[in-house]
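In UniProt numbering, the protein residues as written are 1 to 753.
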């Protein structure tokens, strides 16, 4: 009996050892199974220690419905031909990204067939059908797909046979990037009855390209990077903070489709603009992420964030691209209720190009998203460093309102706000107080042009005094640039005023000032530039400060043809090139990123996001993109409601202070186009300017001209930034002191390491 018990124990021990060995081999062979269960990945993490050439054992994780289409040293591209879904395996870190959740169980989740088709479909088309938008996917009936394998990917001709719309999609890998393209020349609406009377027209409104790429239910250490204002992140929690969505057009609304609205007493604070045509998805910080760039067609792109539990159980982040938008075609000049919906005959003319840049290791975070885009700009445009300052103190920007206009007794009258002599006297006082690195702009409203343009006014001191002041600026190494706004005239339309698609004058409400701005057709910008260059060169002026380009990309009616927003972009770029050829540098307020390669300085650099409820953190995404390439200046600090917080924010973002000033009392401009400036006279702002400059200069002078290379939240309301010269700055937004590595940062304070 004893021998039997001994035998049983021996057999049991052997079985236990074999079981342990088997379990160990199972998990050594497929460690990613643990990751998938723990984090519920839409993508898959494999063992990064396995050499690249041995990782083929893990290809079984990609469903059999996906066929390998291309491979290079960094990526593998797979395609599910049924729904044009893709899988991209990053060979550097072994992570596989899918265009939808391949582990989704539609029956268990009670997902409708319509929603399932949308989730799985690589392409979705929003169409107008009887004036009502409807969604069509490549899994609907009557969609033909014809594939061609390419050296680096594939192309597919997609034919929606029922609405009679077809186009081509090309998907290729290039190094560590994936590029998806829809050539405009391939788009065809081939119904013979389209736009004929009595026909129920079906036409393209938008195209959604891989709207569920990287979508996920939860990532414990992941987030979405959205391009809202300065930039923001949204955590991918199991239960979202707020189940909601966010939709915003890249580079602002296309005002050519908008109706002119009446002024209302109630106003809502507008969202911050999207100036970067990018977003990021981080599934595992410091492991795997992707940067998505609207490389071409950005002016027709709209960024979309959809929280989990809104329409699906997935977090979504994607661009949609507009090809046609309905607008009101008015039938009466006095009754706006009398209108019908109008549609342009031809879809907007742009090649859609969307680039996916896969981020590995320590580059897989929001800093990597920003630096990836900066690198893209540099590779494409030569986005090189224009910052060559050798001064010891940071620059201070001051914009002088020189001249405004107001309605007098019988006509429009000029209002002197700052004479040339006053601007010189203020500059002298600033230099005497230690601010010897000045950047000054003159802002002059020219009545006969109804715009801020170049003008020499006798009331301000005339030609002789202007030259004297400019000589003083030059002798004291003060940077001077003249403020210009080619985009807008303020009160009256001119021969250059653009027309909306509805044939109305393209004017927009200026709620702050209570009147309409008229937008100029960008094709006239070159004429303005040629006229101004001749005049400013006579005064030795070699720098212009441009405002108004934000919101100047629009689709409009142009004497029987359509002017497209991407054409407007090219007009503006051509002006920048012309000025550069003539030795004129350009500095731009609230610049959209397509202008970055042409700029010397960035004015009114975004330092806030819209701070919406679902946002986790505001981040310096814009600063991380352009830092070290150019000087960055803040919005006007005249109007800060909390100077302590604002000073900390400028230090955190590496942005220099900016003020708008007048020599005369602010009351003098109360009834002018600068009536929204409610504090401007220098003598009342002197102490505030001193406070900002002293605190910010003490920190940013140590990193001046150096690139911001890292930004980290080390605790709640405590941020550390790092620069290329190895300087680190810790900012403590809390009211109490904070200790980090034996260094104490006072409440509402900062230290430089």
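Heads up, the beta-carbon is just placed ideally off N, CA and C, and yes, glycines get one too. Just so you know, these numbers come straight off a predicted model, no measurement behind them.
Scanning its chain for C-beta atoms nearer than 8 Å, with the 5 sequence neighbours on each side dropped, one finds around residue 699 the residues 651, 729, 750 and 752, in chain order. Annotation: residue 448 to residue 542 spans about 24 Å, alpha carbon to alpha carbon.
Straight across, the Cα-Cα distance linking residue 617 with residue 660 is about 29 Å. Here residue 404 is bridged, per DSSP, to 415. Rounded to the nearest angstrom, the Cβ distance from residue 567 to residue 590 is 21 Å, too far for a contact under 8 Å. Close CB contacts of residue 601 within its chain, under the 6 Å cut and outside five residues either way in sequence, are with 587, 630 and 631 (chain order).
Excluding its 5 nearest sequence neighbours in each direction, residue 696 has C-beta neighbours in its own chain below 8 Å: 394, 647, 650, 651, 656 and 657, listed in chain order. Per the coordinates, the alpha-carbon of residue 569 lies some 22 Å from the alpha-carbon of residue 583. The count of Cβ pairs closer than 8 Å, one atom from the segment 484 to 494 and one from the segment 531 to 549, reaches three, so the stretches are in contact. A direct Cα-Cα distance of roughly 24 Å separates residue 664 from residue 474. CA-to-CA, the gap between residue 251 and residue 296 works out to about 13 Å.
For residue 185, there is no enclosing beta strand (DSSP E), since its DSSP letter is neither H nor E.
By the CB criterion at 8 Å, residue 181 and residue 353 fall inside the cutoff. Going by C-alpha positions, residue 188 is about 53 Å away from residue 671.
Residue environment for residue 459: exposed (fewer than 16 other C-beta atoms within 10 angstroms of its C-beta). Fully enclosed beta strand (DSSP E) runs of no fewer than 3 residues occupy 165 to 174, 177 to 182 and 202 to 209 of the segment 163 to 216, in order along the chain. Assignment of residue 321 by DSSP, reduced to helix, strand and coil, places it in the strand class.
Fully enclosed beta strand (DSSP E) runs of no fewer than 3 residues occupy 352 to 360 of the segment 340 to 365, in order along the chain.
Each of 162, 161, 667 and 157 was checked against the Cα of residue 184, and the nearest Cα belongs to 157.
Among the bridge pairs identified by DSSP, residue 304 is matched with 247 and 318. The residues 401 and 404, in chain order, have a CB closer than 6 Å to that of residue 674 in the same chain once the five nearest residues on each side in sequence are set aside.
In the three-state reduction of the DSSP assignment, residue 128 falls in the strand class, which pools E and B.
Under the three-state reduction of DSSP output, residue 277 falls in the coil class, being neither helix nor strand. For the set 398, 445 and 103, the Cα lying nearest the Cα of residue 428 is the one of 398. Counting only residues of its own chain and dropping the five nearest sequence neighbours on each side, residue 609 has a CB closer than 7 Å to the CB of 228, 229, 230, 231, 232, 272, 615 and 618. Note on residue 531: under 16 other CB atoms within 10 angstroms of its CB, so exposed under the neighbour-count rule. About 5 Å separates the CB atoms of residue 222 and residue 282; that is less than 8 Å, so the two are in contact. Pairing residue 621 with residue 553, the inter-Cα distance amounts to about 23 Å.
Going by C-alpha positions, residue 479 is about 10 Å away from residue 470.
With distances taken between CA atoms, residue 636 lies nearest to 676 out of 667, 676 and 737. The beta carbons of residue 685 and residue 508 sit no closer together than 8 Å.
Between the alpha carbons of residue 539 and residue 444 lies a gap of roughly 16 Å. Following the DSSP letters along the chain, one finds residue 89 inside the beta strand (DSSP E) bounded by residues 85 to 90. Burial of residue 97 is indicated by the presence of at least 16 other C-beta atoms within 10 angstroms of its C-beta. Rounded to the nearest whole angstrom, the CA to CA distance from residue 284 to residue 733 is 27 Å. For residue 341, same chain residues with a beta-carbon under 8 Å away, outside a window of 5 residues either side, are 131, 326, 327, 328 and 329 in chain order.
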